[in-house]
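Reviewing the structure listed below.
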Amino acid sequence: MLSEFDLIAEYFNRPRPVRATLGIGDDCALLTPGAGMQTAISSDMLVEGRHFFAGADPRRLGHKSLAVNLSDLAAMGARPVGFTLALALPSAERAWLAEFSAGLFALADAHGCELIGGDTTKGPLNICITIFGELAPGEALRRDAAQPGDDIWISGTLGDARLALAACLREPGAGEELARGEDFAAAAARL
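Under UniProt numbering, the letters of the sequence shown match residues 1 to 191, in that order.
Pasting the structure below:
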């Protein structure tokens, strides 16, 4: 059984942080926002059996865990800087951890977003990411600032997540829609 510190060292500790003044290994991470920038913060939790099925592909799960948070930053108009990961695992399976971290870091690297801290514990599979981004003051795309006549921008196709769920549950007709060949299991972060 891997200890918490061995698990972090083997699967989640990266080379020297780029944006963080202090990253993994201390009680807190330290970030210095760019000159004149505001910090945007968002957090999402994914729980097995609620947000994904037991036995979900760990690489895709790592990717999705960060993608939903990157989406929140994009919706606000912020650029990603770093994130923390809190991970509860029923057991520390090396193959699962290797795949999960590979999916997580492939997306993180593609968006210049570094893991700066977090926590691990034993328990039912639960993934919580808190992401930090930055944007210029007054540039946030806030919900309460929307007005009649404003454009609404979406990416992808509305309803894809529900369609993928229907296919997984083998609901009638879902297979026909999925025959288009799209990969609904891999959430795309469109920034």
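Just so it is clear, CB atoms sit at the ideal spot from N, CA and C, and this is done for glycine as well.
As the structure is a computational prediction, the values presented were derived from the model and not from experiment.
| Query | Result |
| --- | --- |
| Look up residue 126 in the DSSP assignment and say whether it is helix, strand or coil. | strand |
| Once you ignore the five residues that flank residue 47 on each side, which residues in its own chain have a CB closer than 7 Å to its CB? | 126 |
| Need the endpoints of the beta strand (DSSP E) that residue 193 sits in, please. | No statement about residue 193 is possible, as the shown extent of the chain runs from 1 to 191 and does not include it. |
| Excluding five sequence neighbours on each side, which residues of the same chain lie with their C-beta closer than 8 Å to the C-beta of residue 102? | 59 and 62 |
| Who are residue 47's beta bridge partners in DSSP? | 126 |
| Please work out which residues of its chain come closer than 8 Å, Cβ to Cβ, to residue 140, disregarding the five sequence neighbours upstream and downstream, and give them in chain order. | 38, 40, 76, 77 and 78 |
| Pick helix, strand or coil for residue 142, following the three-state DSSP scheme. | coil |
| Give every residue of the same chain whose Cβ lies closer than 6 Å to the Cβ of residue 184, excluding the five residues on either side of it in the sequence, and list them in chain order. | Note that residue 184 scores 46 on pLDDT, short of 50, meaning its location in the model is unreliable; the coordinates nonetheless yield the value given after this. So the qualifying residues of the chain are 160 and 164. |
| Going by DSSP, name the residue or residues bridged to residue 42. | 131 |
| Would residue 7 pass as a contact of residue 70 if the rule is Cβ separation under 8 Å? | no |
| In this structure, does DSSP put residue 83 in helix, strand or coil? | strand |
| Using 8 Å as the threshold, is the C-beta distance between residue 108 and residue 66 below it? | yes |
| Please check the pair residue 154 and residue 83, which I expect to be a contact at CB under 8 Å, by giving their CB distance rounded to whole angstroms. | 24 Å between Cβ atoms; not a contact. |
| With distances taken between CB atoms, is the gap from residue 133 to residue 81 smaller than 8 Å? | yes |
| Can you tell me whether residue 85 is buried or exposed? The criterion is at least 16 other CB atoms within 10 Å of its CB, across all chains shown. | buried |
| Can you have a look at residue 157 and say buried or exposed, based on whether 16 or more other CB atoms are within 10 angstroms of its CB? | exposed |
| Which partner residues does residue 89 have in the DSSP bridge list? | 122 |
| Pick from 28, 92, 152 and 168: whose alpha carbon is nearest that of residue 121? | 92 |
| Helix, strand or coil for residue 151, going by three-state DSSP, please let me know. | coil |
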